[in-house]
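In the order they appear, the protein sequences are chains A and B.
Just so we're aligned, residue 397 is where the first sequence starts under the working numbering, counting upward by one.
Just so we're aligned, residue 32 is where the second sequence starts under the working numbering, counting upward by one.
Ideal placement from N, C-alpha and C gives every residue a C-beta, glycine not left out.
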Amino acid sequence: MTRFDLGIVGAGPAGLSAAITAAEAGLSVALLDEQPGPGGQIYRAAGTIPAARRAILGDSYARGETLIEAAAQADITRFPNAQLWAIETGFRVSYTQDGAAAILQCEQLLLATGAMERPMPLPGWTLPGVMGVGAAQILLKQSGLVAEGAVLVGCGPLIYLTAAQMLRAGAAPRALVETQSRGDMARALRHLPGALRGWRSLREGLGLMREIARAGVPRYRAARDISIDGQDRAERVRFRAAGRSHELSCDIVLLHHGVVPHIQAARSAGVAHRWDARQHAFVPVRDRWGQSDVEGLWIAGDGAGIAGAIAAECQGRIAALGIAARLGRISPDLRDRQAQAARRALSRETALRPFLDTAYPPLPEALSPHDDTVICRCEEVTAGAVRRAAGLGCLGPNQAKAFERVGMGPCQGRICGLSVTNLLAEAHGQSAEATGYFRIRPPIKPVTLGELAALDIAAQTRTDT
Amino acid sequence: MRRIWRCSVKTGLPFRNLEPAGTVELRLDGRPVRLTAGANLAAALLEAGLLHLRASPVSNAPRGPFCMMGVCFDCLVEVNGTRRQACLLSVEEGMEIVRPGMAGTDDAL
Numbered sequence: 397m398t399r400f401d402l403g404i405v406g407a408g409p410a411g412l413s414a415a416i417t418a419a420e421a422g423l424s425v426a427l428l429d430e431q432p433g434p435g436g437q438i439y440r441a442a443g444t445i446p447a448a449r450r451a452i453l454g455d456s457y458a459r460g461e462t463l464i465e466a467a468a469q470a471d472i473t474r475f476p477n478a479q480l481w482a483i484e485t486g487f488r489v490s491y492t493q494d495g496a497a498a499i500l501q502c503e504q505l506l507l508a509t510g511a512m513e514r515p516m517p518l519p520g521w522t523l524p525g526v527m528g529v530g531a532a533q534i535l536l537k538q539s540g541l542v543a544e545g546a547v548l549v550g551c552g553p554l555i556y557l558t559a560a561q562m563l564r565a566g567a568a569p570r571a572l573v574e575t576q577s578r579g580d581m582a583r584a585l586r587h588l589p590g591a592l593r594g595w596r597s598l599r600e601g602l603g604l605m606r607e608i609a610r611a612g613v614p615r616y617r618a619a620r621d622i623s624i625d626g627q628d629r630a631e632r633v634r635f636r637a638a639g640r641s642h643e644l645s646c647d648i649v650l651l652h653h654g655v656v657p658h659i660q661a662a663r664s665a666g667v668a669h670r671w672d673a674r675q676h677a678f679v680p681v682r683d684r685w686g687q688s689d690v691e692g693l694w695i696a697g698d699g700a701g702i703a704g705a706i707a708a709e710c711q712g713r714i715a716a717l718g719i720a721a722r723l724g725r726i727s728p729d730l731r732d733r734q735a736q737a738a739r740r741a742l743s744r745e746t747a748l749r750p751f752l753d754t755a756y757p758p759l760p761e762a763l764s765p766h767d768d769t770v771i772c773r774c775e776e777v778t779a780g781a782v783r784r785a786a787g788l789g790c791l792g793p794n795q796a797k798a799f800e801r802v803g804m805g806p807c808q809g810r811i812c813g814l815s816v817t818n819l820l821a822e823a824h825g826q827s828a829e830a831t832g833y834f835r836i837r838p839p840i841k842p843v844t845l846g847e848l849a850a851l852d853i854a855a856q857t858r859t860d861t
Numbered sequence: 032m033r034r035i036w037r038c039s040v041k042t043g044l045p046f047r048n049l050e051p052a053g054t055v056e057l058r059l060d061g062r063p064v065r066l067t068a069g070a071n072l073a074a075a076l077l078e079a080g081l082l083h084l085r086a087s088p089v090s091n092a093p094r095g096p097f098c099m100m101g102v103c104f105d106c107l108v109e110v111n112g113t114r115r116q117a118c119l120l121s122v123e124e125g126m127e128i129v130r131p132g133m134a135g136t137d138d139a140l
């Protein structure tokens, strides 16, 4: 079995960019992704969709097509429909593909697992018809589906992009129930001078808002006391804004108050993480090339800290150059020179973050939900149950698993992890950093006995020398 | 007891396909259903108005797709005998889909 120079988990912008750069440097590259095609979430299905849908999605999505095309031309071994379930140092990467488990060996491993929605627990958020704004994006990109008369709830640029796309598709949202306040924007203005380096993105954002305003989509600001209810599915959203109560009927409610790194794979490999207070999320500890504290394991893209698709591309290239130098394929000097352009672009992209993170912060009532609100969707554990556990002496997230089963369902704490950390930190008056996060153990995706039995041990243990 | 979806003020289904395509026949809870050929399975079910994909094992609460990216596991359905995330699968003719925990299926509470 081939031992690759570099294994990459995730074929989004960071993974694709890293694969291209690594292949250029003469490394043998394996690129794994869960989906049938490359692009990750942001560039889902890019290159495969009809022109009309492409026009709706806009220029930033088109960038993904260029990247995917470049990767298709490069000497990269693809592993689509591959679900990673374990990482062992050395590296041995266990995954399932086509109903069978398999193992991939690589010298160096790059995790480019991207971002996921920041959990947004609200009363009624588990009802069918309630989805993430990101989910609506994916439905549009991959399947050409658009929700009719949806209510978007939360804050952040993705809300405006999605609303504009829905308008272009002839499916005007019912309303935008926005949760950022004037105070948030006022605090964010302090970061605007720095953000002006990313003026193209700011201009794009303003353009989206004009599109939404021209279409007359109702916008509510500083919404609070938000709840969703219905008989067996979402039927209405209730909230308060500008001193009044509001009720909007709809079939689809789309939630979003930012994205956070998807750290499941990194955590399972024992990578150290730190709390990023401005992004309100855990991020892996890395050096400026993306090397984590696990030797040979690198991280790039939104999985390393939220900075967007273009930044992810830059980080992928930078990490691949670091890896190529680590393997002795290029000199440190060449590595540094070749990384310069990517570092400049990365600096431009990250300049926007302080402004965006401050202008569109997480919704306080979702960070600290009502006692009755479910925060662990899998096991239906409420915020109140976690608070009670804290009161009974439960100190950390892993103890909480034993107290309440929170984090022990199929998603393995992906959805509730940050909520549990927030709740326990609040209950004990401790920082999120001190509170910590669930310990994540493999398998990080389900694997059946049948799939394991189909693992061709003889093929997997023979190595090419 | 059959659930009857109540339409809101708009007529029609919650999702519209910008480019409707041909369908193939599968079986859902033992009954034939037609879904968009080759589409993402969770998306195809949503397109057909099937937002309710399972009953939660804890309280029987109705659940459906939430994240569409393999993170939340709320779209778990039994496909040809194995529980899989519908958002990571594609529609194939003849698939046997059973919605876990719903009335009439084996592990309904």
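Asked	Found
Hey, would you say the C-beta of G846/A is under 6 Å away from at least one heavy atom of the ligand MN?	With respect to the ligand MN, the structure shown offers nothing to examine, as it has no ligands at all.
Give the single residue among L77/B, G132/B, V129/B and L119/B whose Cα lies nearest to the Cα of M527/A.	L77/B
Look at the Cβ atom of A696/A, then the Cβ atom of A677/A, and state whether they are nearer than 7 Å.	no
Starting from I404/A, follow its DSSP beta bridges and name the residues at the other end.	L427/A and L506/A
Could you check the C-alpha separation between A618/A and Y491/A for me, to the nearest Å?	44 Å
Could you tell me the distance, in whole angstroms, from the CA atom of C807/A to the CA atom of L536/A?	24 Å
Relative to the alpha-carbon of H658/A, which residue among D494/A, T509/A, D401/A and P409/A has its alpha-carbon at the smallest distance?	T509/A
Contact check, C103/B vs I811/A under 8 Å by CB: the rounded distance?	5 Å
Could you name the residues of the same chain whose beta carbon sits closer than 6 Å to that of V656/A, not counting the 5 residues immediately before and after it, in chain order?	R514 and A677
What are the boundary residues of the alpha helix (DSSP H) that H824/A is part of?	G813 to H824
For Q627/A, which three-state DSSP category applies?	coil
By the 9 Å beta-carbon criterion, what residues does the stretch 513 to 535 of chain A contribute toward chain B?	E513, W521, T522, L523, P524, G525, V526, M527, G528, G530, A531, A532, Q533, I534 and L535
Can you name, in chain order, every residue of its own chain whose Cβ lies under 7 Å from the Cβ of G701/A, other than the five neighbours on each side?	P657, D672, Q675 and V679
I'd like to know if the stretch 107 to 123 of chain B and the stretch 57 to 77 of chain B are in contact, where contact means that at least 3 CB-CB pairs between them fall below 8 Å.	yes
Under the three-state reduction of DSSP, which class applies to G550/A: helix, strand or coil?	strand
From R37/B to D689/A, what does the alpha carbon distance come to, in whole angstroms?	Only weak support exists for where R37/B lies, its pLDDT of 36 falling under 50; the coordinates are left without a value.
Which whole-angstrom value describes the C-beta separation of L820/A and P793/A, a residue pair presumed to lie in contact below a C-beta threshold of 8 Å?	6 Å
Answer yes or no: does any C-beta atom of chain B fall closer than 7 Å to that of P806/A?	yes
Which residues, taken in chain order from the stretch 79 to 112 of chain B, show a beta carbon closer than 7 Å to some beta carbon of chain A?	L82, H83, S87, V89, S90, A92, P93, R94, G95, P96, F97, C98, M99, M100, G101, V102, C103, F104, D105 and L107
Beta carbons nearer than 9 Å to chain B: which residues of the stretch 534 to 557 of chain A have them?	I534, L535, L536, Q538, S539, G540, L541, V542, A543, E544, G545 and A546
Buried or exposed: which applies to P524/A, given that a residue is buried once 16 or more other Cβ atoms fall within 10 Å of its Cβ?	buried
Is the CB of D647/A under 7 Å away from at least one CB in chain B?	yes
Whole angstroms is fine: what's the gap from P51/B's alpha carbon to I726/A's?	50 Å
Whose C-alpha, out of C790/A, M562/A, G579/A and Y556/A, is nearest the C-alpha of L602/A?	Y556/A
Among residues of its own chain, excluding the 5 on either side of P838/A, which ones have a beta-carbon nearer than 7 Å to its beta-carbon?	W481, A482 and S664
Since I believe R740/A is in contact with V777/A (beta carbons under 8 Å), could you give me their beta-carbon distance rounded to a whole number of angstroms?	Contact flag wrong, Cβ pair sits at about 46 Å.
Flag L140/B as yes if its beta-carbon sits less than 7 Å from any beta-carbon of chain A, otherwise no.	For L140/B, the pLDDT reaches just 44, beneath the cut-off of 50, and the residue's location in the model is therefore unreliable, leaving the point undetermined.
Beta-carbon of E50/B versus every beta-carbon of chain A: anything under 7 Å?	yes
Rounded to whole angstroms, what's the CA-CA distance from A497/A to V108/B? Just pull it up for me.	21 Å
Taking the straight line between their C-alpha atoms, what separation do you get for A467/A and L412/A?	6 Å
Assuming S597/A and L748/A make a contact with CB atoms under 8 Å, what is their CB distance in whole Å?	6 Å
Where R47/B and L427/A are concerned, what is the direct C-alpha to C-alpha distance, given to the nearest angstrom?	34 Å
Just checking, does the stretch 766 to 786 of chain A make contact with the stretch 605 to 613 of chain A on the three C-beta pairs under 8 Å criterion?	no
Is the beta carbon of I452/A less than 7 Å from the beta carbon of A532/A?	no
Buried or exposed for P758/A, going by 16 or more other Cβ atoms inside 10 Å?	buried
To the nearest whole angstrom, what separates the beta carbons of D768/A and P519/A, a pair I think is in contact under 8 Å?	7 Å
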